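So that you can map any letter, position 59 of the sequence shown is 59 in our numbering, and since no number is skipped, the others follow by simple counting.
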Amino acid sequence: MAKQEFEVVAHSTATPSRIYALLRNGSTWPVWSKLERFELEKPSSPEPESVGAIRNFFTGRYKMREQVAELVQDKRFSYVLLSGLPLRGYRADIDLTPSGDGTDIRWHTSFRPKVPGMGWIYRRALHKLTDEFAHALADYASKP
1 MAKQEFEVVA
11 HSTATPSRIY
21 ALLRNGSTWP
31 VWSKLERFEL
41 EKPSSPEPES
51 VGAIRNFFTG
61 RYKMREQVAE
71 LVQDKRFSYV
81 LLSGLPLRGY
91 RADIDLTPSG
101 DGTDIRWHTS
111 FRPKVPGMGW
121 IYRRALHKLT
131 DEFAHALADY
141 ASKP
């Protein structure tokens, strides 16, 4: 099945370090996004939410099980989806770049659908959701 990819970009007046800290701390995600609840399933080392940590996010009856895949201090936060949607190879890379009065947030996502012909539907829905996440993160991070 064809690989699906998309990206969204948002701008925040916050510093890259402020945004990175919010991404690293799963408990903040329900504060600035539509997610309802966070649970750290498997802590990692040297910090609980380092590479390898498994984080669960809940919305309604849905549970997204994700693993922290890559961390570059104040520059990149990446995760892979382990379960929760009928997708394979789902990966999101969130890159933070200083720009003007703050930071550009580039959220790039790629995946393959498990069901043939469904890729465009998931790409469309996930693009909308990711755009909401990126802008909500940008807005929240900008608050004093």
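Cβ coordinates follow ideal geometry from the N, Cα and C atoms, glycine included. If you're wondering where the values come from, they're calculated on a predicted model, not measured in any experiment.
Counting only runs of 3+ residues, the beta strand (DSSP E) found wholly inside the region 84-121 occupies 87-99 and 102-113, in chain order.
Under the rule that a run must span 3 or more residues, the beta strand (DSSP E) segments found entirely inside the region 25-53 read 37-42.
For the pair residue 11 and residue 102, the Cα-to-Cα distance works out to about 7 Å.
Under a 10 Å Cβ-count criterion, residue 62 is classified as exposed, with fewer than 16 other Cβ atoms of the shown protein chains found around its own Cβ.
When Cβ pairs closer than 8 Å are counted between the two stretches, the region 2-10 is seen to touch the region 111-124, the count reaching three or more. In the DSSP annotation of this structure, the continuous segment of the beta strand (DSSP E) that includes residue 64 starts and ends at 62-72.
In the pairwise beta carbon analysis, the region 42-58 is classified as not touching the region 95-115: fewer than three pairs are separated by under 8 Å. Here the alpha carbons of residue 112 and residue 137 stand approximately 26 Å from one another.
When rounded, the separation of the alpha-carbon atoms in residue 75 and residue 134 is 15 Å.
Look at residue 141 here: in three-state DSSP terms it is helix.
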